[in-house]
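One structure is given below, encoded as structure tokens.
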């Protein structure tokens, strides 16, 4: 037999919790002698089962139903599916909030101003960011296609007639210009000094240095400073 204190210690509970489970008729003691509760080995197992259910997020009301039902497996499956759906919703909500926080932090770091004044502004900003990111992925795919096309052209240069080689070369150059133009019309840049956002022509995009995450080395049209300008979405 186990006292309330021993049950509490074995199950990592407080004595008050053990007493409360008795009060709500969740787990009743086997015997009460001189106001002291005593529990059997079987009841210890029930306490451990209750702790398991609690750690899974089930309520005491749900746990009580589980202990009383004749088909615990079926009810447990139903409760766990319900709990899983609730957790999935919470995770999705937390992911959305985390995404919003990251976007706001990025905007504040880039522009040093409050970029949104309402939840609608933030949702619009997220749409712009998602659109910009999708265009960035598409640009990368175009770039991979261009590199592959250029590589194949070089391999075939010695096997095809000069006229065909010139045609292939023209196609490669045309595709490169299209790629630069596509990138230019979907991108803007932020000055790290005055935080002015600006765009550039596709010609300037073609002949300016690009350093990946640092962006492009450009001259800010507002403060006239030259620096690596971080790439961002267009307004």
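Numbering (full-length UniProt numbering), first residue to last: 1 to 235.
Where is the CB? At the ideal position from N, CA and C, for every residue including glycine.
From a predicted model like this one, the values you see are computed outputs, not experimental measurements.
1. For the stretch 141-156 and the stretch 98-113, state whether three or more C-beta atom pairs, one from each stretch, are separated by less than 8 angstroms.
2. Any contact of the stretch 19-27 with the stretch 42-50, i.e. 3+ C-beta pairs under 8 angstroms?
3. Residues bridged to residue 237 by DSSP?
4. Keeping to the same chain, check which residues put their C-beta closer than 6 angstroms to that of residue 230; ignore five residues upstream and five downstream.
5. So which of 82, 5 and 175 has the shortest CA-CA distance to residue 145?
6. Using three-state DSSP, classify residue 233 as helix, strand or coil.
7. Output the distance between the C-alpha atoms of residue 206 and residue 234, rounded to the nearest integer angstrom.
8. Based on Cα-Cα distance, which residue from 194, 139 and 222 lies nearest to residue 178?
9. Less than 8 angstroms between C-beta atoms, sequence neighbours within five positions excluded: which residues of the same chain meet that for residue 46?
10. Any chance the stretch 87-107 sits against the stretch 70-78, with 3 or more Cβ pairs inside 8 angstroms?
11. What do you reckon, are the CB atoms on residue 202 and residue 227 nearer than 9 angstroms?
12. Grab the span of the beta strand (DSSP E) containing residue 296 for me, first residue to last.
13. Here's a check: name, in chain order, each residue in its chain whose Cβ is nearer than 6 angstroms to the Cβ of residue 238, leaving out the five neighbours to either side.
Looking at the atomic coordinates:
1. no
2. yes
3. The question about residue 237 has no answer, for the chain in this structure spans 1 to 235.
4. 190 and 215
5. 175
6. coil
7. 18 angstroms
8. 139
9. 27 and 67
10. no
11. no
12. Since the first and last residues shown for the chain are 1 and 235, residue 296 lies out of range.
13. The question about residue 238 has no answer here: the residues shown for the chain are numbered 1 through 235.
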